[in-house]
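J.:
Numbering (the numbering used here), first residue to last: -15 to 313.
#1: With H, G and I counted as helix, E and B as strand and the rest as coil, what does DSSP make of residue 132?
#2: Which residue wins for smallest C-alpha separation from residue 107, given the options -15, 147 and 36?
#3: Check each candidate in 7, 40 and 124 and name the one with the smallest Cα separation from residue 149.
#4: Are there three or more Cβ pairs, one per stretch, closer than 8 angstroms when the stretch 215 to 223 is compared with the stretch 257 to 269?
#5: Could you give the residue range of the alpha helix (DSSP H) that holds residue 51?
#6: Is the stretch 48 to 57 touching the stretch 72 to 87 in the sense that three or more CB pairs, one from each, lie closer than 8 angstroms?
#7: Should residue 12 go down as buried or exposed, given a rule of 16 or more other Cβ atoms within 10 Å for buried?
#8: For the alpha helix (DSSP H) holding residue 240, just list the boundary residues, first then last.
#9: For residue 269, decide whether its Cβ has a neighbour in chain B, counting only Cβ atoms nearer than 8 angstroms.
#10: Can you have a look at residue 1 and say buried or exposed, based on whether 16 or more other CB atoms are within 10 angstroms of its CB?
#11: Take residue 17 and list the residues in its own chain whose beta-carbon comes closer than 7 angstroms to its own, dropping the five residues that flank it on each side.
#12: Could you spell out the range, first to last residue, of the alpha helix (DSSP H) harbouring residue 149?
#13: Sort 190, 93 and 6 by Cα distance to residue 24 and report the nearest one.
#14: Run through the DSSP bridge pairs and tell me what residue 77 is partnered with.
#15: Shortest alpha-carbon distance to residue 299 belongs to which of 91, 202, 222 and 196?
#16: Just mark residue 317 as buried or exposed, buried being the case when its beta carbon has 16 or more other beta carbons within 10 Å.
#17: Please work out which residues of its chain come closer than 7 angstroms, Cβ to Cβ, to residue 83, disregarding the five sequence neighbours upstream and downstream, and give them in chain order.
#18: Label residue 175 either buried or exposed according to how many other C-beta atoms from any shown protein chain fall within 10 Å of its C-beta, with 16 as the threshold for buried.
#19: Can you tell me the Cα-Cα spacing of residue 91 and residue 69, whole angstroms?
#20: Go through its chain and collect everything with a Cβ distance to residue -15's Cβ below 6 angstroms, but skip five positions before and after it.
#21: By the 10 Å Cβ neighbour count, where 16 or more other Cβ atoms means buried, how is residue 144 classified, buried or exposed?
#22: Note down the Cα distance separating residue 4 from residue 239, rounded to an integer number of angstroms.
#23: In the DSSP output, what is residue 263 paired with across the bridge?
#24: For residue 95 versus residue 59, is the C-beta spacing smaller than 8 angstroms?
#25: What are the start and end residues of each continuous alpha helix (DSSP H) run of 4 or more residues lying completely inside the stretch 153 to 224, in chain order?
#26: DSSP has residue 301 in a bridge; who is on the other side?
#27: Label residue 342 either buried or exposed according to how many other C-beta atoms from any shown protein chain fall within 10 Å of its C-beta, with 16 as the threshold for buried.
#28: With DSSP as the reference, please indicate the residues paired to residue 67 in a beta bridge.
#29: For residue 94, which of helix, strand or coil comes out of DSSP?
#30: Buried or exposed: where does residue 250 fall if 16 or more other Cβ atoms within 10 Å of its Cβ makes it buried?
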């Protein structure tokens, strides 16, 4: 395992964080609690010490499962827990809400769900355009002063929104989407984070499973699974992305003796991200973790990856479809 320090804090974390959106079940077709707990334990046993969750993942379910898993293993002092705030819901419909009173209630609920009196990292999940970013920052700064959190982060913010947030209080981490297929942060957000010493903790390393090597044409997704509405999972784009995955897998095996999944996560770590989120909900999905480490992508491999994308993906699309509404209604 590789480790890094969260900028401006004493938090030392694994460069792989376990993402628990799927564990919450919401927009991933349900969950199995026992299996989810065993998945968390498997990640911890392989050296992961950073777990990322959010209230909206299963509407509290993911946080509750994380809390149970950590309590069962009696390892709270050895685990860095990251959760989020700023998304509300009503009748299963999610919307942004960074009103100070809601943020306070939201954090109180998270602490209860997680069976802890503090969280290590609190992210604002999405920017709320109806609340001043400076005011949101001041609210989180108070949480910091009160000892309820140890670090402040923002997720899905633009550079301009981050700058406004920083006028109100401290900021330690930024969490945008980033993977081989979704590279929108490269021109501005990534260099901004590097120049301003903000830890970059990116999500979506496997692009909703596309880069796992397990997605096949014609596969159907059930219930509220996010991939039912993901434009990458619809033809004709799906065939283009799967063609890229096939060639990337060949490159990974020929050059490095690794799978496309391991190549995809290594690419994120070698391409400017301090921490990569790795989602999973079954223990066996943690098996490839050790193969992420002990090697790096050289310039020739990075260039070959770019060529594969140029040759196969003719109609690229980003992750914009995931953005929640500004307010209910």
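Think of the CB as a built atom: it goes at the ideal place given N, C-alpha and C, for glycine as much as any other residue.
T.: In terms of the structure at hand:
#1: coil
#2: 36
#3: Nearest C-alpha to residue 149 among 7, 40 and 124: 124.
#4: no
#5: Boundaries of the alpha helix (DSSP H) harbouring residue 51: 45 to 57, taken from the DSSP string.
#6: no
#7: A caution first: residue 12 carries a pLDDT of 45, below 50, which makes its placement in the model unreliable, though a value can still be read off. Classification of residue 12: buried, given that the 10 Å Cβ count is 16 or more.
#8: 221 to 240
#9: Absent from the structure is chain B; it holds one protein chain and no more.
#10: buried
#11: 49
#12: 143 to 150
#13: 6
#14: Beta-bridge pairing by DSSP links residue 77 to 74.
#15: 222
#16: Nothing can be reported for residue 317, as the shown portion of the chain is limited to -15 through 313.
#17: 115
#18: exposed
#19: 7 angstroms
#20: -2 and 31
#21: exposed
#22: 31 angstroms
#23: Answer by DSSP bridge pairing, in chain order: 3.
#24: no
#25: Counting only runs of 4 or more, we get 173 to 179.
#26: Answer is none; residue 301 lacks a bridge partner.
#27: This structure gives no information on residue 342, because the portion of the chain shown stretches from -15 to 313.
#28: The partner list for residue 67 (beta bridge, DSSP) reads 106.
#29: Three-state result, residue 94: helix.
#30: buried
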